[in-house]
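Residue numbers (the numbering used here): 218 to 618. Each residue gets a CB set at the ideal place from its N, CA and C atoms; glycine is no exception. What you are looking at is a predicted structure, and each value in this text was computed from that prediction instead of being measured. To start, the structure under review is shown below, and the notes come after it.
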């Protein structure tokens, strides 16, 4: 927060309005601040934050020059981390001498966060990223020189150009906002036209794929066994098999049972290829990719996976002590996981979650849980240090006298 300064909400010469967002609060690093439910205005040079209505009135607000920002990123949230981003994290350079007074004299953090109540608007994030990369403030001296020449010229001639735009004060901000809204409306109209065309093409592709699938099942025409196998492989990757939908069932319980059966049929081969276990977030991505346009929510997937045991599926939902949820084949017991991981520990001398993920071709999350399972079975010892987390073979068992 020591990079912010108090300033009147007026545009500088050569500075242009870009975007505005409401219901925004500021974090000083990981700490909450008193600046909540405010309004953010992005310009080519700065980020302005003020209480609702203060910025259009030209009142005092917080100002963060964009030349402090050298990196920005989004923070995701939601179930399984699949929800949209709620915050923008800005990594900042050190405060420069001569900075005006602000809300903090010194801060222990070198980054701040803007938290958006309704989620981060991709248009706002792109505009902010483009403004940081454009570095319009570096061209300001030249623009000021050009503007001073135009002022001298206008002094000689009393005639004011009709198309000249006022870029300072309240009028400049309001006019820039109106122009930006007009351009946004045009962009949205074009985007919806393209989206409608894409949906029409997608429906045609799904219809064609279903026709091909029906012909393959009935073996119509001159289709060999090799062609059948190849076509089925293509169709499975496209996800054209008729998906289970809620409309086809009278109750939610019947829908979840049908969805659980479909997940079981589809994920058996996938789990066998990836070591018998997969995180629920990855399962959600695989299932929705195969379902095409009939997407399911993370909650529906979780409720369906809870019923896998009741339908006699060869897999089940498991929750590790850390809280991570996975889909695991019933043949993959803890004893088997600990045995295989213990052998890898003996061969390599030590393993980190990252190294095991590379060896076993699994995610780092699953590799970490495998190592913890091996530790609970007494086949591994854990070492936590500033260098990270590492596991070693349990020599107390193998080297005991």
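Item	Value
Would you kindly check if the distance between the Cβ of residue 588 and the Cβ of residue 611 is under 8 Å?	no
Which residue from 246, 402, 592 puts its Cα closest to that of residue 323?	246
With distance defined between alpha-carbon atoms, name the residue in 241, 249, 264 nearest to residue 221.	264
Taking DSSP as the reference, what is the three-state secondary structure of residue 241?	strand
When DSSP builds the beta bridges, which residues end up paired with residue 236?	259
In three-state terms, what does DSSP make of residue 339?	helix
Taking the alpha-carbon positions, what's the residue 224 to residue 292 distance?	29 Å
For the beta strand (DSSP E) containing residue 324, name the first residue and the last one.	Per DSSP, residue 324 belongs to no beta strand (DSSP E) and is neither H nor E.
According to DSSP, is residue 219 part of a helix, a strand, or is it coil?	coil
Please classify residue 559: does DSSP put it in a helix, a strand, or coil?	helix
Compute the beta-carbon to beta-carbon distance between residue 477 and residue 521, rounded to the nearest angstrom, for a pair I have assumed lies under 8 Å.	4 Å
By DSSP, does residue 508 sit in helix, in strand, or in coil?	helix
Return the chain-ordered list of same chain residues with a C-beta closer than 7 Å to the C-beta of residue 602, the five sequence neighbours on each side being excluded.	none
Could you say which of 532, 576, 566, 234 lies nearest to residue 609 if we only look at CA atoms?	566
For residue 250, which of 230, 321, 402 has the nearest alpha-carbon?	321
From the beta carbon of residue 555, is the nearest beta carbon of chain D less than 8 Å away?	Checking the listed chains, one finds no chain D in this structure; it contains a single protein chain.
In or out: residue 262 buried (at least 16 other Cβ within 10 Å) or exposed?	buried
For residue 515, which of helix, strand or coil comes out of DSSP?	helix
What residue does the beta strand (DSSP E) around residue 636 start on, and which one ends it?	This structure leaves residue 636 out entirely; the chain is present only between 218 and 618.
Assign residue 267 to one of three DSSP states: helix, strand, or coil.	strand
What distance in whole Å lies between the Cβ atoms of residue 394 and residue 218, which are believed to be in contact at a cut-off of 8 Å?	Wrong, their Cβ atoms sit about 27 Å apart, outside the cutoff.
Contact check, residue 289 vs residue 272 under 8 Å by CB: the rounded distance?	Contact flag wrong, Cβ pair sits at about 21 Å.
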